[in-house]
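To start, the structure itself, in structure tokens.
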Ligand code: GTR
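Residue numbers (my numbering): 614 to 951.
Next comes the structure, spelled out in structure tokens:
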């Protein structure tokens, strides 16, 4: 986090970070209603400007700015400018980054509960996923972040992830056999891909295009908007609608930054985050459609699959990642949501 030195500039124009305030010993001043000082929070995202996740956090920032009379601003560092997701998660935990929008997958190894909503085929539909994540189960999973130095603020849709590759159309499980498939840095995703007979290769998102291009990997898996925005369709044109995981996106705040907010400001942040989920859904639904149309127009070859054999192959993943009574109960409650 860049700490701006305290200067003699007028307080109204000074933009400082939470950490800087602490260092300067002026946090109370900044948080006091009479002060016009602005605290700028740094928020990371792997996606570029304009992507629905980035726009949702921008929207949240506007709400916060209005509702705190400009005492807080969110500055978004899009397009992985603060690093790849796994690294930014560490930086967030240690308060170097204030906020972070990431997928749940890079949190899987750290927070066991996050595996459950990412499990293959756990959600029957987008509606099922939203009902679970919007309700008490979603809140319970967010609460599991706190002991790990992060406060979970909101979920964002991520559609469904499907496989794509440069070699051949995949219509059945056997077609994946032996393909080197990039996955996010999550043991659960490694197990998912290996259970299908492919070879999982964990790799940061930003390295996937060139790895596909040079043949280091044969394929990857993602939703329509990511397949399109990364231009992976140019180098891996066989996209198979397996829709094997709906692992949601999540917006987190560093617990260190969170603890420096007053309870009243925390309430403003929480409410704005929840409202940004709805905004994101509008943007997401539109983006899914335009992304799907764009990749088709640009030559991606789309195949439908019979999901039943893919679902059947996933038992070892459930057995390995839903281990203790707590996770089993969480899974059963997710499945029971109608
Ligand atoms: C995207 C997701 C990113 C990142 C990426 C990946 O769908 O929005 O946060 O997780 O997938 O595959 O690394």
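Note that beta-carbon positions come from the ideal geometry of N, C-alpha and C, so glycine has one too.
Based on Cα-Cα distance, which residue from the options lies nearest to residue i?
| i | options | result |
| --- | --- | --- |
| residue 710 | 864, 754 and 676 | 864 |
| residue 816 | 879, 804, 807 and 799 | 799 |
| residue 945 | 736, 775, 713 and 712 | 736 |
| residue 846 | 677, 906 and 859 | 906 |
| residue 787 | 804, 725 and 926 | 926 |
| residue 712 | 679, 701, 827 and 802 | 701 |
| residue 731 | 801, 903 and 763 | 801 |
| residue 688 | 837, 861, 653 and 668 | 653 |
| residue 850 | 912, 690 and 659 | 912 |
| residue 725 | 714, 749, 748 and 760 | 760 |
| residue 796 | 718, 855, 779 and 861 | 718 |
| residue 830 | 674, 776, 682 and 875 | 776 |
| residue 894 | 922, 861, 948 and 937 | 861 |
| residue 857 | 923, 743, 683 and 714 | 923 |
| residue 885 | 820, 919, 813 and 681 | 681 |
| residue 917 | 785, 790 and 834 | 785 |
| residue 844 | 734, 873 and 779 | 779 |
| residue 808 | 852, 933 and 937 | 933 |
| residue 555 | 696, 748, 683 and 889 | In the structure as shown, the chain begins at 614 and stops at 951. Residue 555 is therefore absent and cannot be evaluated. |
| residue 949 | 875, 742, 883 and 819 | 742 |
| residue 783 | 824, 769, 773 and 833 | 833 |
| residue 769 | 667, 910, 936 and 663 | 667 |
| residue 825 | 848, 792 and 915 | 848 |
Bridge partners for residue i per DSSP, in chain order?
| i | result |
| --- | --- |
| residue 715 | 863 |
| residue 915 | 852 |
Along the beta strand (DSSP E) that carries residue i, what are the first and last residues, could you check?
| i | result |
| --- | --- |
| residue 777 | 774-778 |
| residue 688 | 685-690 |
| residue 764 | 763-769 |
| residue 815 | 812-815 |
| residue 654 | 651-658 |
| residue 795 | 793-796 |
So, helix, strand or coil for residue i, using DSSP?
| i | result |
| --- | --- |
| residue 853 | strand |
| residue 819 | helix |
| residue 858 | strand |
| residue 935 | coil |
| residue 681 | coil |
| residue 670 | helix |
| residue 927 | coil |
| residue 846 | helix |
| residue 782 | coil |
| residue 759 | helix |
| residue 942 | helix |
| residue 731 | helix |
| residue 724 | coil |
| residue 744 | helix |
| residue 950 | coil |
| residue 662 | coil |
From what residue to what residue does the alpha helix (DSSP H) around residue i run?
| i | result |
| --- | --- |
| residue 834 | It is not in any alpha helix (DSSP H) - residue 834 instead sits in the beta strand (DSSP E) that spans 832-835. |
| residue 701 | 698-706 |
| residue 752 | 749-756 |
| residue 576 | Residue 576 lies beyond the range of the chain shown here (614 to 951); nothing can be said about it. |
| residue 878 | 876-910 |
| residue 869 | 868-871 |
Any heavy atom of the ligand FAD inside 7 angstroms of the beta-carbon of residue i?
| i | result |
| --- | --- |
| residue 910 | For the structure depicted, the ligand FAD is absent and the ligand set comprises only the ligand GTR. |
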